[in-house]
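From first to last, the protein sequence lines are chains A and B.
Sequential numbering from 1 applies to the first sequence in my numbering.
Sequential numbering from 1 applies to the second sequence in my numbering.
What follows is a single structure, written as structure tokens, with notes after it.
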Amino acid sequence: MNTAMLNNQVPVTVLTGFLGSGKTTLLNRILTENHGKRIAVIENEFGEIGVDNDLVIGAEEEIFEMNNGCICCTVRGDLIRILGNLMKRRDKFDYIMVETTGLADPGPVAQTFFMDAEMQEKLQLDSVTTVVDAKHIWQHIDDSDEAREQIAFADVILLNKIDLVTEEELNQLEARIRSMNAAAKIYRTKDAAVEMDKILDVGGFDLDRAMEVDPQFMEPEYPFEWAGVYNLSAGTHELILQDGPDPTMKVALVPVNELTDEALQAAVEPVVIVFSDDEHELSAGGTVQPSGQLIELNLTADELRFDVQIDHPGAYALFTEHHPDEFQAQLFGSGTLVKPVVEREFKPDHEHDDEVTSVGITTPGDLDPDRLNDWIGNLLRTKGLDIFRMKGILSIKGQPNRFVFQGVHMLFDGRPDRPWGGERRYNSLIFIGRNLDRAELTGGFEACLA
Amino acid sequence: MLNFFNSQKESDPQQLGQVKSWVSQAFDLSEDVSVMVTQLQCTEEGCPPVETVIAIMKTPGKPRQYKIHKPLAEVEQTDIVSLTAG
Numbered sequence: 001m002n003t004a005m006l007n008n009q010v011p012v013t014v015l016t017g018f019l020g021s022g023k024t025t026l027l028n029r030i031l032t033e034n035h036g037k038r039i040a041v042i043e044n045e046f047g048e049i050g051v052d053n054d055l056v057i058g059a060e061e062e063i064f065e066m067n068n069g070c071i072c073c074t075v076r077g078d079l080i081r082i083l084g085n086l087m088k089r090r091d092k093f094d095y096i097m098v099e100t101t102g103l104a105d106p107g108p109v110a111q112t113f114f115m116d117a118e119m120q121e122k123l124q125l126d127s128v129t130t131v132v133d134a135k136h137i138w139q140h141i142d143d144s145d146e147a148r149e150q151i152a153f154a155d156v157i158l159l160n161k162i163d164l165v166t167e168e169e170l171n172q173l174e175a176r177i178r179s180m181n182a183a184a185k186i187y188r189t190k191d192a193a194v195e196m197d198k199i200l201d202v203g204g205f206d207l208d209r210a211m212e213v214d215p216q217f218m219e220p221e222y223p224f225e226w227a228g229v230y231n232l233s234a235g236t237h238e239l240i241l242q243d244g245p246d247p248t249m250k251v252a253l254v255p256v257n258e259l260t261d262e263a264l265q266a267a268v269e270p271v272v273i274v275f276s277d278d279e280h281e282l283s284a285g286g287t288v289q290p291s292g293q294l295i296e297l298n299l300t301a302d303e304l305r306f307d308v309q310i311d312h313p314g315a316y317a318l319f320t321e322h323h324p325d326e327f328q329a330q331l332f333g334s335g336t337l338v339k340p341v342v343e344r345e346f347k348p349d350h351e352h353d354d355e356v357t358s359v360g361i362t363t364p365g366d367l368d369p370d371r372l373n374d375w376i377g378n379l380l381r382t383k384g385l386d387i388f389r390m391k392g393i394l395s396i397k398g399q400p401n402r403f404v405f406q407g408v409h410m411l412f413d414g415r416p417d418r419p420w421g422g423e424r425r426y427n428s429l430i431f432i433g434r435n436l437d438r439a440e441l442t443g444g445f446e447a448c449l450a
Numbered sequence: 001m002l003n004f005f006n007s008q009k010e011s012d013p014q015q016l017g018q019v020k021s022w023v024s025q026a027f028d029l030s031e032d033v034s035v036m037v038t039q040l041q042c043t044e045e046g047c048p049p050v051e052t053v054i055a056i057m058k059t060p061g062k063p064r065q066y067k068i069h070k071p072l073a074e075v076e077q078t079d080i081v082s083l084t085a086g
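The structure is reproduced here in structure tokens:
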């Protein structure tokens, strides 16, 4: 049973997506599939639903701003009115779907549910679900604020019409969307066919499930861009590089258990710590050893060759600050090219340099409540318009319970959660928004540690 | 100052209903007029930490907004009546 049901609140799903994305197809599916829920629909593009349902209500987008000098938020007046009237027929339905126009900004819709005290009591915003036309989204993703915001706000994204694009195009699109919104669940669909439990009662705004969304989204910014696992024989190997965009590159070479992705993954966390150590500078001609030390290769010489000394044959992982392709870096053993058996990139594709991004912060330790209060107050006051969504779990000094929170723009909701008990205390939060400065957010947050 | 640890989202439903009913009476609103009541926190020093904002949505368009510089729990009928004078 979810929180909404426990509190006798009606869950609400906000459905967004550009015209032609398959939003109405999805809505029709939701209305006709056998899930046992009686659904009321507030639709902006009235008359599109092919289902006979007297709980379908048309809405005219009507946005107004509330501002007290410090907090500014926009809400949907039409929704407040319609939902207010709808709730007088509370016994007729168990779920509400709000369909927005293709060009709608989901911000005011989401803020409406945070803003109105009575709606907070009676309704529970369950999720923002966005339907994306996998073939045509490329026409909008770069130049439409609405398309980007619909993606950024979403808890659930349907990549629809997958039959019209190749697997490679889909992977590219999914990576792009993931770089904008690292927290959303993404499903690939044809004709918006998706299991109903992926869309209804997903708990995207449920504080109890605030961080259940997807473990992937907590992936931090790594200090390295690439790692590869090599099968190396004993002896001296050679790492050869060409001129690249940077004068230095930090690297670490560590032994790993086997030539697998799992072994590489197991090395990631220890090597993050290695990368926080002081670096040992190494000029061309010097020797790299699998010592677990952070080595800074000086890349200013004419000939960029480094020896790699291996005493015991086996699996070794090389972590590099920059992608080796930027320097055409290659490893040779006895004059033969040695290729990595497995490799992994640690940065999203920055080809598009999206202005809409996610910043995830995960750090152990306790927070000073006063410092956190000051920081987050200032952050929301100055950057709240650019922060679309935020959510997280915090470890507050002196508090036995976890603190969970989430917010939309400048509005937020937070409360103590279950006790930490014997669990290691940590902080894990994510911001999704426009023009987010990762270093500033991370630095600001870490300065709140007690 | 903003209080992150008390986001003021929990409003007493009874007080909320009472305030809405005072608003309807004071402004002589019919039953189908929506009234929104919310509390906004202020993050700047010198501002009241929490204020109650009331929006009356009589007709589609721009709603009338009023502010009372105290939390919802402390709002009294006289505060609402005084809004009608403004």
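For each residue, glycine too, the CB sits at the ideal point set by N, CA and C.
| Item | Value |
| --- | --- |
| Element boundaries [beta strand (DSSP E), containing residue 11 of chain A] | 10-17 |
| CB contact flag (residue 292 of chain A, residue 254 of chain A, <8 Å) | yes |
| Cβ shell of residue 38 of chain B (< 7 Å), same chain only, five flanking positions each side left out | 53 |
| Same chain, Cβ closer than 6 Å to residue 66 of chain A, five either side skipped, listed in chain order | 73 |
| Candidates A:322, A:325, A:329, A:321, of which the one nearest residue 307 of chain A by Cα | A:329 |
| Local conformation of residue 418 of chain A per DSSP, three classes | strand |
| Residue 75 of chain B: first and last residue of the uninterrupted beta strand (DSSP E) it sits in | Looking at the DSSP string, residue 75 of chain B is not in any beta strand (DSSP E), and its letter there is neither H nor E. |
| Where the beta strand (DSSP E) through residue 390 of chain A begins and ends | 387-394 |
| Any chain B beta carbon closer than 8 Å to residue 44 of chain A | no |
| Delimiting residues of the alpha helix (DSSP H) encompassing residue 179 of chain A | 167-180 |
| Contact list for the stretch 233-258 of chain A against chain B, Cβ threshold 7 Å | none |
| Any chain A beta carbon closer than 8 Å to residue 75 of chain B | no |
| The stretch 16-33 of chain B / the stretch 430-444 of chain A touching (three or more Cβ pairs under 8 Å) | no |
| 7 Å CB neighbourhood of residue 71 of chain A in its chain, flanking five on each side removed | 410 |
| 9 Å Cβ cut-off: residues of chain B touching residue 78 of chain A | 57, 60 |
| Those runs of the beta strand (DSSP E) which lie wholly inside the stretch 211-279 of chain A and span at least 3 residues | 226-232, 235-241, 248-255 |
| Touch test, the stretch 273-286 of chain A against the stretch 375-383 of chain A, Cβ-Cβ under 8 Å, three pairs minimum | no |
| Segment contact, 8 Å Cβ cut-off, at least three pairs: the stretch 193-203 of chain A with the stretch 239-248 of chain A | no |
| Extent of the continuous beta strand (DSSP E) to which residue 133 of chain A belongs | 123-133 |
| Assigned exposure category for residue 418 of chain A - 16 Cβ within 10 Å defines buried | exposed |
| Cα-Cα separation, residue 85 of chain A to residue 99 of chain A | 17 Å |
| Contact list for residue 24 of chain B against chain A, beta-carbon separation under 7 Å | Per Cβ cutoff of 7 Å: no residues; residue 24 of chain B is ~12 Å from chain A at best. |
| Given 8 Å, three or more beta-carbon pairs between the stretch 69-80 of chain B and the stretch 139-157 of chain A | no |
| Residue environment, residue 358 of chain A, which counts as buried when at least 16 other CB atoms sit within 10 Å | buried |
| Length of the line joining the Cα atoms of residue 11 of chain A and residue 325 of chain A | 49 Å |
| Local conformation of residue 32 of chain B per DSSP, three classes | coil |
| Length of the line joining the Cα atoms of residue 331 of chain A and residue 305 of chain A | 10 Å |
| Minimum C-alpha distance to residue 421 of chain A - residue among A:406, A:407, A:399, A:430 | A:399 |
| Check whether residue 393 of chain A and residue 427 of chain A have beta carbons under 8 Å apart | yes |
| Three-state secondary structure (DSSP) of residue 59 of chain A | coil |
| Residue 371 of chain A - containing beta strand (DSSP E), residue span | Residue 371 of chain A -> not in any beta strand (DSSP E); alpha helix (DSSP H) instead, spanning 369-383. |
| Distance between beta carbons of residue 299 of chain A and residue 280 of chain A, contact taken as under 8 Å | About 15 Å separates the two Cβ atoms, so there is no contact after all. |
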